[in-house]
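In what follows, a single structure is set out as structure tokens and then discussed.
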Amino acid sequence: MVILCGVDGSAPAREAARAATALAKRAGEALQLLYVQDVFVMNVAGPDGAGAGSLASQQFLEDDRRRMGAELEALAAALTREFHTEVSQRIEVGSPESELSRCAQELRASFLVVGALGRRQGSMWRLGSVADRLSQSAPVPVLVVRTANGFARWALEDQPLRVVVALGSGSSTALALETVSDLRRLGPCEVVEAHAYDPRREAQRLGFASPEEVETRRAIEGTLARELPARFAEQVRAGEARFVALPAQGHVAETLAEFVENERADLTVAGSRERGALQRRFLGSVSYGLVGLSPGNVLVAHGLRLIPEVQAPRAPASVRRALVATDLSESGNRAVDYALGLLPEGGQLVLLHVLPAPAPRLAMELVPDPLRKSPEERRMSRSLAEAELRKLLPAQGRALEVEVEATEAEDVSKAILQAAERHGVDLVLVGRHGHGRIGPLLLGSIARRVAQRSSRPVLVVPEAGGAG
Numbered sequence: 006m007v008i009l010c011g012v013d014g015s016a017p018a019r020e021a022a023r024a025a026t027a028l029a030k031r032a033g034e035a036l037q038l039l040y041v042q043d044v045f046v047m048n049v050a051g052p053d054g055a056g057a058g059s060l061a062s063q064q065f066l067e068d069d070r071r072r073m074g075a076e077l078e079a080l081a082a083a084l085t086r087e088f089h090t091e092v093s094q095r096i097e098v099g100s101p102e103s104e105l106s107r108c109a110q111e112l113r114a115s116f117l118v119v120g121a122l123g124r125r126q127g128s129m130w131r132l133g134s135v136a137d138r139l140s141q142s143a144p145v146p147v148l149v150v151r152t153a154n155g156f157a158r159w160a161l162e163d164q165p166l167r168v169v170v171a172l173g174s175g176s177s178t179a180l181a182l183e184t185v186s187d188l189r190r191l192g193p194c195e196v197v198e199a200h201a202y203d204p205r206r207e208a209q210r211l212g213f214a215s216p217e218e219v220e221t222r223r224a225i226e227g228t229l230a231r232e233l234p235a236r237f238a239e240q241v242r243a244g245e246a247r248f249v250a251l252p253a254q255g256h257v258a259e260t261l262a263e264f265v266e267n268e269r270a271d272l273t274v275a276g277s278r279e280r281g282a283l284q285r286r287f288l289g290s291v292s293y294g295l296v297g298l299s300p301g302n303v304l305v306a307h308g309l310r311l312i313p314e315v316q317a318p319r320a321p322a323s324v325r326r327a328l329v330a331t332d333l334s335e336s337g338n339r340a341v342d343y344a345l346g347l348l349p350e351g352g353q354l355v356l357l358h359v360l361p362a363p364a365p366r367l368a369m370e371l372v373p374d375p376l377r378k379s380p381e382e383r384r385m386s387r388s389l390a391e392a393e394l395r396k397l398l399p400a401q402g403r404a405l406e407v408e409v410e411a412t413e414a415e416d417v418s419k420a421i422l423q424a425a426e427r428h429g430v431d432l433v434l435v436g437r438h439g440h441g442r443i444g445p446l447l448l449g450s451i452a453r454r455v456a457q458r459s460s461r462p463v464l465v466v467p468e469a470g471g472a473g
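In terms of our numbering, the sequence shown opens at residue 6 and continues consecutively.
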């Protein structure tokens with residue numbers, strides 16, 4: 006395979022060529038420098054005085070080809086002397102974006118490397134620079150370079166490449182992690198997995214009331230640290246990494262860019278979803294935003310892998326952490342038996358009981374409601390419910406980590422879902438047709454809402470002898 010680097014004679018392009026050569030040296034691959042003659046030269050005056058927006062003459066193209074050919078040869082020779090790596094060059098005619106993408110696909114390039122800004126940085130009629138658009142549309146991973154120093158130290162001095170990978174929850178994150186694993190195979194890397202989260206959204210998802218409180222932030226970040234790195238296959242996350250959760254300030258890309266600057270990272274890696282230019286600009290894209298906002302180099306992962314490999318068969322899903330929601334009725338408690346049968350030795354079991362939340366006190370209420378429980382009575386009710394939950398465990402139980410939780414909520418299904426997220430369980434178990442002390446807690450509708458709204462697998466356990 007080959008690494009392809011787009012150059013245009015600008016200082017950013019020369020910096021990109023140095024980074025590309027360092028990467029090629031580490032990967033043991035050849036580097037090809039590609040200059041694309043853009044026949045419609047927008048906002049660029051040619052050496053013969055051609056005005057902005059004019060159609061380049063054939064003579065100008067020939068002169069430009071000779072001039073850039075000489076520049077490419079000199080640049081290739083300098084890179085070969087510095088990195089002792091094979092460097093070739095070529096010139097094409099057409100749209101820079103289209104030709105770079107076409108040649109990358111034709112060569113099956115492992116990387117397409119470009120400078121953050123080039124000679125056409127002032128163009129206004131397209132959405133973003135060539136680097137912006139290539140980062141989202143190219144068929145191979147795209148490295149947008151601002152400085153090559155970190156890559157040079159990595160290739161010539163064997164110093165670790167300091168990498169920040171933008172961690173999310175979808176397939177684009179898996180692509181980013183795969184690319185980081187490939188880089189680690191090429192040389193030493195110090196990796197930080199950074200996730201920018203919305204405090205209010207996470208507090209709502211996990212069932213916390215006050216997202217501004219320090220303890221809430223710690224609980225949110227602890228949950229994210231447990232669930233996000235574990236969400237991807239072990240072979241994708243080869244090697245040690247430090248996880249950092251960042252409360253988002255504005256757009257996610259802004260938060261990550263500020264963190265990257267503070268970390269003084271050599272490289273930021275982000276995955277890219279398949280979106281059009283307008284969707285990326287107006288609906289938002291973390292990778293697209295990082296290319297424009299990050300002070301350093303950005304690698305947008307999509308398309309081909311740097312190091313192709315045969316994918317290992319996917320291991321079957323296992324249940325090591327389960328949550329059972331029960332109303333403490335006989336049918337509701339049957340789900341506990343199923344959980345005990347499914348969990349392996351050393352597994353984790355969460356037993357949950359949801360109590361009715363007290364009705365809010367009215368501002369104009371003159372006479373206290375005699376049925377409203379005092380705070381002490383409510384604490385006692387939760388303690389009694391937790392004691393009942395513990396009784397559901399066998400006296401001679403297996404080696405399981407068990408946690409019991411009694412909580413108050415107006416929306417039972419929402420409370421179950423929030424607890425499942427909070428504890429990061431692999432499976433949620435609920436009974437059907439339970440009639441406990443708070444009414445028909447799991448009477449079909451609750452179990453159905455949990456199953457429909459859950460992001461995790463749900464097992465609905467019918468009554469004994471039921472038809473299912």
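Think of the CB as a built atom: it goes at the ideal place given N, C-alpha and C, for glycine as much as any other residue.
These numbers were taken from a predicted model, which means no experiment stands behind them.
Nearest candidate by alpha-carbon position, reference residue i, set the options
{"i": "residue 307", "options": "88, 116 and 236", "result": "116"}
{"i": "residue 295", "options": "260, 397 and 321", "result": "260"}
{"i": "residue 201", "options": "222, 137, 218 and 189", "result": "222"}
{"i": "residue 28", "options": "220, 383, 175 and 187", "result": "187"}
{"i": "residue 42", "options": "72, 232, 382 and 179", "result": "72"}
{"i": "residue 325", "options": "14, 419, 385 and 405", "result": "405"}
{"i": "residue 344", "options": "33, 329 and 414", "result": "329"}
{"i": "residue 245", "options": "189, 86, 44 and 422", "result": "189"}
{"i": "residue 88", "options": "157, 76 and 277", "result": "157"}
{"i": "residue 5", "options": "169, 192 and 135", "result": "Any question about residue 5 goes unanswered here, given that the chain covers just 6 to 473."}
{"i": "residue 214", "options": "423, 293 and 466", "result": "423"}
{"i": "residue 167", "options": "303, 414 and 457", "result": "303"}
{"i": "residue 299", "options": "350, 322 and 265", "result": "265"}
{"i": "residue 391", "options": "384, 409 and 399", "result": "409"}
Anticipated Cβ contact below 8 Å, residue i with residue j, distance rounded
{"i": "residue 12", "j": "residue 22", "result": "6 Å"}
{"i": "residue 118", "j": "residue 150", "result": "6 Å"}
{"i": "residue 174", "j": "residue 236", "result": "7 Å"}
{"i": "residue 135", "j": "residue 111", "result": "Rounded, the Cβ-Cβ distance is 18 Å, inconsistent with contact."}
{"i": "residue 114", "j": "residue 30", "result": "Not really, about 16 Å apart at Cβ, beyond 8 Å."}
Boundaries (first-last residue) of the beta strand (DSSP E) holding residue i
{"i": "residue 380", "result": "Segment 380 to 396 is the alpha helix (DSSP H) holding residue 380; no beta strand (DSSP E) there."}
{"i": "residue 353", "result": "353 to 361"}
{"i": "residue 412", "result": "406 to 414"}
{"i": "residue 200", "result": "194 to 202"}
{"i": "residue 93", "result": "92 to 98"}
{"i": "residue 141", "result": "Segment 135 to 142 is the alpha helix (DSSP H) holding residue 141; no beta strand (DSSP E) there."}
{"i": "residue 37", "result": "35 to 42"}
{"i": "residue 252", "result": "247 to 252"}
{"i": "residue 273", "result": "272 to 276"}
{"i": "residue 328", "result": "326 to 330"}
{"i": "residue 430", "result": "From DSSP, residue 430 is part of no beta strand (DSSP E); its letter is neither H nor E."}
{"i": "residue 7", "result": "7 to 11"}
{"i": "residue 23", "result": "Element bounds for residue 23: not the beta strand (DSSP E) but the alpha helix (DSSP H), 16 to 32."}
7 Å Cβ shell around residue i - same chain, five flanking residues per side excluded
{"i": "residue 74", "result": "96"}
{"i": "residue 172", "result": "178, 198, 199, 200 and 233"}
{"i": "residue 441", "result": "Confidence in residue 441 is poor, its pLDDT being 47 and thus under 50, which makes the residue's placement unreliable; the coordinate value appears in the next sentence. So the qualifying residues of the chain are 332, 333, 334 and 337."}
Exposure of residue i, with buried meaning 16 or more beta-carbon neighbours within 10 Å
{"i": "residue 428", "result": "buried"}
{"i": "residue 176", "result": "exposed"}
{"i": "residue 396", "result": "exposed"}
{"i": "residue 358", "result": "buried"}
{"i": "residue 153", "result": "buried"}
{"i": "residue 37", "result": "buried"}
{"i": "residue 463", "result": "buried"}
{"i": "residue 460", "result": "exposed"}
{"i": "residue 220", "result": "exposed"}
{"i": "residue 86", "result": "exposed"}
{"i": "residue 16", "result": "exposed"}
{"i": "residue 272", "result": "buried"}
{"i": "residue 455", "result": "buried"}
{"i": "residue 416", "result": "exposed"}
Endpoints, alpha helix (DSSP H) assigned at residue i
{"i": "residue 347", "result": "335 to 347"}
{"i": "residue 152", "result": "That residue, residue 152, is in no alpha helix (DSSP H); it is neither H nor E in DSSP."}
{"i": "residue 214", "result": "Per DSSP, residue 214 belongs to no alpha helix (DSSP H) and is neither H nor E."}
{"i": "residue 83", "result": "63 to 88"}
{"i": "residue 453", "result": "450 to 458"}
{"i": "residue 122", "result": "No alpha helix (DSSP H) holds residue 122; DSSP gives it neither H nor E."}
Close beta carbons around residue i, own chain, < 8 Å, minus the five adjacent residues each side
{"i": "residue 39", "result": "9, 10, 11, 12, 94, 95, 96, 97, 104, 105 and 108"}
{"i": "residue 378", "result": "363 and 386"}
{"i": "residue 211", "result": "224, 225, 228, 423, 426 and 427"}
Cβ-heavy atom distance, residue i to the ligand MG, below 8 Å
{"i": "residue 225", "result": "What this structure holds is no ligand at all, so the ligand MG is not there to describe."}
Same chain only: Cβ atoms within 6 Å of residue i, ignoring 5 sequence neighbours per side
{"i": "residue 341", "result": "329 and 397"}
{"i": "residue 457", "result": "none"}
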